[in-house]
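Protein chains in written order, with my numbering: chain H, 1 to 250; chain E, 1001 to 1250; chain R, 2001 to 2250; chain C, 3001 to 3250; chain F, 4001 to 4250; chain Z, 5001 to 5250. C-beta atoms are modelled at their ideal positions from N, C-alpha and C, and glycine is treated no differently. Down below is the structure, laid out as structure tokens.
6 protein chains.
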Amino acid sequence: MKKVKTGIPGLDEILHGGIPERNVVLLSGGPGTGKTIFSQQFLWNGLQAGEPGIYVALEEHPVQVRQNMEQFGWDVKPFEEKGIFALVDAFTAGVGKSKEYEKYIVQDLTDVREFIDVLRQAISDIGAKRVVVDSVTTLYINKPAMARSTILQLKRVLAGTGCTSIFVSQISVGETGFGGPGVEHGVDGIIRLDLDEIDGELYRSLIVWKMRGTSHSMRRHPFDITSNGIFVHSDKILKNTGVEKLQGGE
Amino acid sequence: MKKVKTGIPGLDEILHGGIPERNVVLLSGGPGTGKTIFSQQFLWNGLQAGEPGIYVALEEHPVQVRQNMEQFGWDVKPFEEKGIFALVDAFTAGVGKSKEYEKYIVQDLTDVREFIDVLRQAISDIGAKRVVVDSVTTLYINKPAMARSTILQLKRVLAGTGCTSIFVSQISVGETGFGGPGVEHGVDGIIRLDLDEIDGELYRSLIVWKMRGTSHSMRRHPFDITSNGIFVHSDKILKNTGVEKLQGGE
Amino acid sequence: MKKVKTGIPGLDEILHGGIPERNVVLLSGGPGTGKTIFSQQFLWNGLQAGEPGIYVALEEHPVQVRQNMEQFGWDVKPFEEKGIFALVDAFTAGVGKSKEYEKYIVQDLTDVREFIDVLRQAISDIGAKRVVVDSVTTLYINKPAMARSTILQLKRVLAGTGCTSIFVSQISVGETGFGGPGVEHGVDGIIRLDLDEIDGELYRSLIVWKMRGTSHSMRRHPFDITSNGIFVHSDKILKNTGVEKLQGGE
Amino acid sequence: MKKVKTGIPGLDEILHGGIPERNVVLLSGGPGTGKTIFSQQFLWNGLQAGEPGIYVALEEHPVQVRQNMEQFGWDVKPFEEKGIFALVDAFTAGVGKSKEYEKYIVQDLTDVREFIDVLRQAISDIGAKRVVVDSVTTLYINKPAMARSTILQLKRVLAGTGCTSIFVSQISVGETGFGGPGVEHGVDGIIRLDLDEIDGELYRSLIVWKMRGTSHSMRRHPFDITSNGIFVHSDKILKNTGVEKLQGGE
Amino acid sequence: MKKVKTGIPGLDEILHGGIPERNVVLLSGGPGTGKTIFSQQFLWNGLQAGEPGIYVALEEHPVQVRQNMEQFGWDVKPFEEKGIFALVDAFTAGVGKSKEYEKYIVQDLTDVREFIDVLRQAISDIGAKRVVVDSVTTLYINKPAMARSTILQLKRVLAGTGCTSIFVSQISVGETGFGGPGVEHGVDGIIRLDLDEIDGELYRSLIVWKMRGTSHSMRRHPFDITSNGIFVHSDKILKNTGVEKLQGGE
Amino acid sequence: MKKVKTGIPGLDEILHGGIPERNVVLLSGGPGTGKTIFSQQFLWNGLQAGEPGIYVALEEHPVQVRQNMEQFGWDVKPFEEKGIFALVDAFTAGVGKSKEYEKYIVQDLTDVREFIDVLRQAISDIGAKRVVVDSVTTLYINKPAMARSTILQLKRVLAGTGCTSIFVSQISVGETGFGGPGVEHGVDGIIRLDLDEIDGELYRSLIVWKMRGTSHSMRRHPFDITSNGIFVHSDKILKNTGVEKLQGGE
């Protein structure tokens, strides 16, 4: 089975090579855990490796998304111009100037079919290999009973196109699980990002909860957010009392 | 009482010989615990022993199910052709190409009677001895008040046919119990699969909570998911602090 | 006050002689705790002592009930023929062949009055001294507000007939209490069966929470389920850390 | 302020003399904690001291109430005949033979005014000094929003008559508080009876939570239920680890 | 900023002089914590210092309120006659004899405007400097969504009149917070009274959670209820294990 | 990226220079934690540095707001006259004298568009660089499903104007998270203020949970409320057991 390298330092080691191709991975985390940075870094590294990618923006204005990425040194505009990166605007609903500048706009988020049609078009146009939906939570935040079927519909489309995908899932601080009943059972992989306070200090960590088609580290690894993005310590483990160095590698 | 060997390494020891024939066993677990692999391994081992089997797919496209099984070396297609394995497609609703390729299709999941009719036909056609429904949760996820009666209806049909069955039940991370009020009281056996984090490390384990018609291990056993499927350590126990070797056998 | 011997090894010691006559006892427990075996053993021992008994089956097909009892060596058919044991079928609703074979059938569980009429007839026919309703939970699972009044109606009827009764109550794993608000206050006695995991091992225990008309052990006693039914260790206590032998008797 | 002696061994010491006259005391406890025995003992001791009393039966048939009291040696029938004890039947609704034998019957519990009228009549007839309502919970079990106003109405009536009253309140196992939002703030005193399991053993204890018009013990005292009723250990305290003898008295 | 002395022994030390004038203070506590005594003592001490005061009775009959105060030696009748104390009857709704004896009666509690009009009239008549509303909980107990706006309306009126006020808030045993969502954010100060069981003993304590316009003790202080009212130990602290003497003052 | 100095002693060190320009920061805290003081101090320090600011008052009368600020020595009236500070009255709804004195009044809080129009006008009039909304909670307290979209609308407006903003969010005591589902994911930064009782003593602390565009301290820092406002101890950390001095700086 072919694996897609995330290119995030330390993460491919933890995934024993990368994310198996075509997998849909749920990336769950609370506020401030780095979900958006993680998913943008995944796309950027894909572009460096020649793999076209799509970022579906549901939380942030497309202009802001590009600026945020630039701050990490990830300037996507040249890639947009070359037609190997696309940004789907599911934030502005086409109100304001975005309809002049954005190529892919979802007008009405209450209609999942329109959302899927626009996404499908973008994938087809650029021949996308990587897709990020940030976040899927917005699609069902006010109708939790639809969460599972929305995820299943999206997964069916993406699986058919051959893309490897990340679905960002927003959870609340202190919430167990991965966001939305049934969602967690409908995906191929789950990575959870955490930001926990241990006796007055905040610690970042991630854990791979499941990943169809590969073995993976069964440990909770600390990570940092640097000016270059996320750096995962595959050689360390976050225990209840703090970070500990692994003896003899992961 | 005759027992059906699961063939899953270590599990038949824990069950003191296997699952008593005709039992309906609830297989409960959170995301990533290995429920689907467990139930497919149960069916595959049945085929090796000459016992026809049926897998009812509610979570995954039939094509994907066959591919997933193949990755563990369980190629069911020859058995489908010989008419001793059947896949019931309760996922696509007959949309797309599946209606050309799949023999058993449930069109409408809101109608339990249609579901039961299709299942009954498949059982009768191949003379099934083992049945897996993956998952029963999907049948009542949006109508929990129907969970118990749905389980009882299914059990009545399967008990009548002489099959030994596994009902996969999806639970959330951190959820106690086995999924759905009343469901746990309506089955003959309960096996729970767990994936727990203990101080920064993930551990897999299973526990047999009840099994009508046989004594069984009263311990929580660790297990691994390997490239050959599940391997249960019947000679080990998972304690609060980690895995421990049993003194003098189970 | 006359006491009815349960005949379950160890239990009558714990009850300081048995269940006071005419008491209605709530037998609460989670899945797999042995509620059904306990209540059938109570009836069987009554038959051995010449006391006619009735088992009201709400969870299981009457045919299955008889088979399950036979596995423990409790063959009730001769007693049914002699008219000193009766099985009330509140499971099949008279659908299928049961209406040919079963004498006492409740057609419609939504109507408690019909239920009570059938039960009253059976009690009168065989001169019952012991009655088991397995389970009362089914009577109000979808209408919890009716739980208390249903229990009170049943109790009024049974108290009038002079029977000593066991009401099986299903609770969920991890649920405190005895099942249903108000139910626990409407009965004469409460026995709770538990199945708890302590550091990777499952332990069975029971505790008598209340019993009108007698003193009783105030301890949690471990018990086993054997091929002869339940065996209670009246000389042992289950503590937080495991089983301990009592010094100098109960 | 005049105090009413409960006559329950140990309790008057804890209450520094007894219950202040005219107080309405909420007696809260889970199933099997001894609430009914406590309140009947309070009435019986009043009769011995020449104080007429009323027991309002909402949970049990009047015939059964008299039998239960007799088992503790409290035969109320002679006192009923002398017109210094009355039993208000709020259980049978006058169905069956009770309307021939019972003098005070509440026909319709959904109408609090009828309930109060009957109670007021009984109080006036016998010149009651003590009143027990067992239980107030039944009055509002299916309409919790009415709990507070029901209690306030009852309290207004009883305060006007000069009676000292006990309102039995049923709570669930593990429930904190005293039963029903707002009820606990509408009474003059609160006594809570508990039955707790500590490492495999059941312990009975009571604690006086508040009592207008008197100081009282601020400790949790163990008590026993004997064949003569309740016996409170005013010289002992129940701690988290078990019973301890007080040094130098309460 | 001028401060109003509560006159409650120990409390003004904790408040670093008293309650800043015009503050609205939420006095939260469970049943039996002494909220009513606290607030009546605050008014009585005001009368002794020549500051007219108003007690709004929502929980108790006005006659009973006067009697309860008298038991602590606080006879308000002479002050009522001199027109410097007023009791607003928001309890009887004018039913019974109260409409002959009470000057300020709120007929209909469902209408907050009437409540405010009567209160405003009483404040104006006696030139009140201190106001107690016992309890505000009653105003919104059956309509929690109105809690915040009710508090804000009351506060607006009282702030305009120059009164310093105490709003009694009833909370349940074990409830965190101060009673009603949003209420706690709409007041100038919060004092919480607690009654906690620590290993079999009850302890009374108070803590000032916030107080606009003054610094204050940041500790939990034990207090007693004596025959003269509340006595706060400003030189002691209640820790998890019991009371401890402060080294070198508060 | 340009940073806006808060001027709150110790806070800019913790933020590694200040709040990145244009960020919307959620300031979450329970009652009495100092949210309002914090946000007013932020505005006052802006005025001292020549940056026009706006305070949107939803919790307090505008007159009271000015008085409260004056108590800390922050007299905003001269700045209002110079047209570089504005107070938006979203409290009185224009009732009473406020419509004569206040320039910016929101009449109807149920209409978010009017709210935004008034705010936009004020920002434009004074050329605001800093905006405080105290509190956003009031905007959706009775319609939690609107919380997220309200925040997103406000953020869109403020981001367009170039302001750096603080949204005050009220949470309950003991509540985890930051107030309102989805709100925490819709902002650029989160600072949480806490007031916690540790063994009988209250401690104030703050923690920066996220801040887009800058690194920041990952520790919980204690702070004081003094007569000059908030003072954060950037060189100390609040641990479970109390305050500890950092070795070698933050």
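| Check | Outcome |
| --- | --- |
| 8 Å Cβ cutoff, R/Glu2250 in contact with chain E | Because R/Glu2250 sits at a pLDDT of 48, beneath the cut-off of 50, its placement in the model cannot be relied upon, and the following sentence gives the value as read from the coordinates. No, its Cβ sits nowhere closer than 8 Å to a Cβ of chain E. |
| DSSP-derived helix/strand/coil call for H/Glu250 | Model confidence at H/Glu250 stands at a pLDDT of 48, short of 50, so the residue's coordinates are unreliable and nothing is read from them. |
| Contact set between the segment 1135-1152 of chain E and chain R, restricted to residues whose Cβ is under 7 Å from the partner | Ala1145, Arg1148 |
| is_contact[C/Lys3129, chain F] using C-beta, thresh 8 Å | no |
| Test: E/Thr1176 CB closer than 8 Å to a CB of chain R | yes |
| Bridge partner(s) assigned by DSSP for Z/Asp5224 | Z/Phe5231 |
| Inter-stretch contact at 8 Å, needing at least 3 Cβ pairs: the segment 2162-2175 of chain R / the segment 2117-2135 of chain R | yes |
| Segment contact flag, the segment 1060-1080 of chain E with the segment 1144-1159 of chain E, C-beta cutoff 8 Å, min 3 pairs | no |
| Helix, strand or coil at R/Gln2040 [DSSP, three-state] | helix |
| Helix, strand or coil at R/Thr2161 according to DSSP, with G and I counted as helix | helix |
| Short CB-CB distance (under 8 Å) between E/Gly1032 and chain H | yes |
| Start and end residues, beta strand (DSSP E) containing C/Arg3120 | Careful: C/Arg3120 lies outside any beta strand (DSSP E), inside the alpha helix (DSSP H) at 3112-3126. |
| Neighbour flag for R/Trp2074 against chain C, beta carbons, 8 Å | no |
| Bridge partners - H/Glu201, DSSP secondary structure assignment | H/Ile198, Z/Arg5219 |
| Within chain F, the residues that C/Glu3201 reaches when beta carbons sit closer than 8 Å | None at all; the shortest Cβ gap to chain F is about 16 Å. |
| Three-way DSSP call (helix, strand, coil) for Z/Leu5015 in this model | coil |
| Spatial distance of R/Phe2231 from R/Arg2204 (CA atoms) | 11 Å |
| For R/Glu2070, the residue or residues it bridges with in DSSP | DSSP output for R/Glu2070 lists no bridge partner at all. |
| Exposed unless 16 or more other CB atoms sit within 10 angstroms - verdict on E/Pro1078 | exposed |
| H/Ile141 - DSSP class collapsed to helix/strand/coil | coil |
| Cβ separation of H/Ile37 and H/Gly179, assumed to be a contact under 8 Å, to the nearest whole Å | Incorrect: roughly 18 Å between the Cβ atoms, too far for contact. |
| Partners in chain C for R/Leu2238, counting only beta-carbon separations shorter than 7 Å | Gly3200 |
| For E/Ala1057, three-class secondary structure by DSSP | strand |
| Closer than 9 Å at the beta carbon, the chain H residues around E/Val1173 | Thr176, Gly177, Phe178, Glu184, Trp209 |
| Span separating the alpha-carbon of F/Gly4182 from that of Z/Thr5110 | 17 Å |
| C-beta atoms of H/Ser165 and H/Val208 nearer than 8 Å | no |
| Backbone secondary structure at F/Pro4009 - three-state DSSP | coil |
| Among H/Ala145, H/Tyr140, H/Glu201, H/Ala128, nearest to H/Gly50 - alpha-carbon criterion | H/Ala128 |
| Under the three-state DSSP convention, the category H/Ser135 falls into | coil |
| Proximity winner among F/Ser4227, F/Ser4234, F/Pro4222, relative to F/Gly4242 (alpha-carbon distances) | F/Pro4222 |
| Any C-beta of chain H under 8 Å from that of Z/Arg5219 | yes |
| Close beta carbons around H/Asp39, own chain, < 8 Å, minus the five adjacent residues each side | In the sequence as displayed, the identity of residue 39 of chain H is Ser instead of Asp. Result list for H/Ser39: Leu27, Tyr55, Val132, Asp134, Ile166, Val168, in chain order. |
| Contacts that H/Gln48 makes with chain A (C-beta to C-beta distance below 8 Å) | Here chain A cannot be found, since the structure's protein chains are H, E, R, C, F and Z. |
| Rounded straight-line distance, which links the Cα of Z/Gly5018 to that of Z/Glu5250 | Note on Z/Glu5250: pLDDT 47, under 50, position unreliable in the model; the coordinate value appears next. Their Cα atoms are separated by approximately 15 Å. |
| Own chain, CB closer than 6 Å to F/Lys4155, minus 5 neighbours either side, in chain order | Val4024 |
| Close-in-space but distant-in-sequence residues of the same chain around Z/Gly5094 (CB under 6 Å, 5 per side omitted) | Ile5105, Gln5107 |
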